[in-house]
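Novice:
Residue numbers (the numbering used here): 33 to 274.
(1) Please state the DSSP three-state secondary structure of residue 51.
(2) Between the alpha carbons of residue 179 and residue 208, how many angstroms are there, rounded?
(3) Have a look at residue 116 and residue 109 and give me their C-alpha separation to the nearest angstrom.
(4) Between residue 187 and the rest of its own chain, which residues show a CB-CB distance below 8 Å, the 5 nearest in sequence each way excluded?
(5) How many Å lie between residue 132 and residue 217 at the Cα?
(6) Straight-line CA distance for residue 58 to residue 40?
(7) Hey, is the stretch 197-216 in contact with the stretch 227-236, meaning 3+ C-beta pairs nearer than 8 Å?
(8) What residue range is occupied by the uninterrupted alpha helix (DSSP H) comprising residue 211?
(9) Please report the Cβ distance between residue 81 and residue 66, rounded to the nearest whole angstrom; I am assuming they are in contact, meaning their Cβ atoms lie under 8 Å.
(10) Can the beta-carbon of residue 164 be found closer than 8 Å to that of residue 68?
(11) Using C-beta distances below 8 Å, list every residue in its chain close to residue 249, excluding the 5 sequence neighbours before and after it, in chain order.
(12) Determine the extent of the alpha helix (DSSP H) in which residue 98 is found, giving its start and end residues.
(13) So with Cβ pairs under 8 Å, would you call residue 68 a contact of chain D?
(14) Taking the CB atoms as reference points, tell me whether residue 46 and residue 55 lie closer together than 8 Å.
(15) Quick one: what does DSSP say residue 159 is sitting in, helix, strand or coil?
(16) Over what stretch of residues does the alpha helix (DSSP H) that includes residue 90 continue unbroken?
(17) Looking only at C-alpha atoms, which of 247, 251, 223, 252 sits nearest to residue 89?
(18) Quick one: Cα of residue 70 to Cα of residue 161, how far?
(19) Throw me the rounded Cβ distance for the residue 219 and residue 242 pair, which I believe falls under 8 Å.
(20) By DSSP, does residue 222 sit in helix, in strand, or in coil?
(21) For residue 105, which residues in the same chain have their Cβ closer than 8 Å to its Cβ, ignoring the five residues on either side in sequence?
(22) Please confirm whether residue 44 and residue 76 have their CB atoms less than 8 Å apart.
(23) Is residue 178 helix, strand or coil when you go by DSSP?
(24) Rounded to whole angstroms, what is the Cα-Cα separation between residue 52 and residue 85?
(25) Under the three-state reduction of DSSP, which class applies to residue 68: helix, strand or coil?
See the structure below:
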C-alpha cells in the first residue's frame, strides 16, 4: 500500500468527491502545463517537469480507475480513523501503512442484485475497449518507428484509458518515453506494467535499459560539470596572469 501514501486528490487539485469528468479535466490541464515538451532546451526544468508529470500521471492512474479509487478511498478513511483514534484495535491493523492496507481485503463492497446483466454489459464493453486499445497499440508501434513520439504517446495514453489494467500498454508507453530520453516517466510506466504483470519479460528488459541509460545520463552530466569547472579554473588562472 506504499503507492497510496500520497494525497492524489491534492496533487490533481480536485476534491475527494469529484466526478470522473472533473478528474479528467484537471489531469488534462495539469498535463498540458507540466509536460516536459515545454522545456526542450532546458535540461534542469525538463527533468523537474518529468518528475512532476510522473506524479500527476500516477495520481490520475489511481483515482480515474473506479476499483483502485475505491481501494484508495478506503485506505485513506482507515488511516484517517487511526490517526484520530476513532477506531477500535480490532478494526485497525497494528502500526505501519502496509499492515493497514491488509484490512482492505475485509471491506465488503455491495453486490448488484442484477449481477448477471451487469457482467454481460461489462464484458461486452470490455471487448470493445480491448479491440480499440489494440488498434492504438499498433498505431503507436508504427509511429514510434517513424519517431513521431508525441503522436505515439497520445495513442498509448488512449489505449491505457480504455484498458488501464493491461501491462503491455504501459510497457509501450514506457518505451515511447524512453525513446525521448524521459527516464523518470519511463520508469513510472514500466513499474506500473510490472505491478500489473510481474512476469512481463519485455517490461523487465526495458526496466534494465532505462536504469542503465539513466545512470549513463547522470554520469555524463557529472562529467560535463567537472569539465566546466576545470575550464573555469583555467580561465581564472589565465585572467590572473594577465
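For each residue, glycine too, the CB sits at the ideal point set by N, CA and C. It should be emphasised that the depicted structure is a prediction, and the values quoted were computed from it without experimental measurement.
Specialist: So, to answer that:
(1) coil
(2) Cα to Cα, the separation comes out at about 9 Å.
(3) 11 Å
(4) The answer, listed in chain order, is 168, 169, 171, 172, 175.
(5) Any reading at residue 132 is ruled out, since the residue's pLDDT is 44, under 50, leaving its predicted position unreliable.
(6) 12 Å
(7) Yes: the two stretches touch, three or more of their Cβ pairs being nearer than 8 Å.
(8) 199-211
(9) Contact annotation, residue 81 with residue 66: C-beta distance approximately 5 Å; criterion of less than 8 Å satisfied.
(10) 8 Å or more divides the Cβ of residue 164 from the Cβ of residue 68.
(11) 213, 215.
(12) 98-116 is the extent of the alpha helix (DSSP H) around residue 98.
(13) Of the chains in the structure shown, none is chain D; there is only one protein chain.
(14) yes
(15) helix
(16) 75-95
(17) 223
(18) 31 Å
(19) 6 Å
(20) helix
(21) These residues qualify, in order along the chain: 48.
(22) Residue 44 is not a Cβ neighbour of residue 76, given a cutoff of 8 Å.
(23) coil
(24) Rounded to whole angstroms, residue 52 to residue 85 spans 19 Å at the Cα level.
(25) helix
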